[in-house]
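Numbering (the numbering used here), first residue to last: 20 to 130.
One structure below.
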């Protein structure tokens, strides 16, 4: 069960099209170049998930759930898509940080 206040404050569904259901993607992106890009990205994420899950299953307790976290009790690929969506929608591009991270100089205490 998730008890962290920040995690509980996040939306239950992801804002980016990679985390949308297949029906949502088809309805909203059909006929656009974005649909192919999203499907490609989704395939890459699914392949990486498979590699990581396979590796984790070979370690320790064979009954360990992969991944070891759960959103709404799912603890599976949709949880990974949700987590990715939360990260992507809340991260800043490197271009906003000037000169090799100089923007952060003197601000390390904030993170």
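Even for Gly, the Cβ is constructed at its ideal location relative to N, Cα and C.
Just so we're clear, the structure is a prediction, and the values are computed from it rather than from any experiment.
Whole-angstrom distance between residue j and residue i, CA atom to CA atom
i: residue 23; j: residue 98; result: 16 Å
i: residue 58; j: residue 47; result: 13 Å
i: residue 27; j: residue 43; result: 24 Å
i: residue 63; j: residue 56; result: 11 Å
i: residue 54; j: residue 31; result: 22 Å
i: residue 103; j: residue 51; result: 23 Å
i: residue 49; j: residue 41; result: 11 Å
Where residue i falls, given that 16 or more other Cβ within 10 Å makes a residue buried
i: residue 33; result: buried
i: residue 36; result: buried
i: residue 93; result: For residue 93, the pLDDT reaches just 48, beneath the cut-off of 50, and the residue's location in the model is therefore unreliable, although a value from the coordinates is still provided. Exposed is the call here.
Same chain, Cβ closer than 8 Å to residue i, neighbours up to 5 away in sequence not counted
i: residue 65; result: 96
Limits of the unbroken alpha helix (DSSP H) element including residue i
i: residue 37; result: Note, residue 37: premise wrong, no alpha helix (DSSP H); not H, not E.
i: residue 97; result: 96 to 107
i: residue 42; result: 41 to 48
i: residue 26; result: 24 to 28
Nonlocal neighbours in the same chain, by C-beta distance under 7 Å from residue i, ignoring five residues either side
i: residue 68; result: 96, 99
i: residue 110; result: none
Candidates the options: closest to residue i by CA position
i: residue 61; options: 38, 42, 106, 108; result: 38
Sequence-distant residues of the same chain with beta carbon closer than 6 Å to residue i, five excluded per side
i: residue 105; result: 29
i: residue 107; result: 35
i: residue 87; result: Because residue 87 sits at a pLDDT of 49, beneath the cut-off of 50, its placement in the model cannot be relied upon, and the following sentence gives the value as read from the coordinates. Nothing listed; no residue qualifies.
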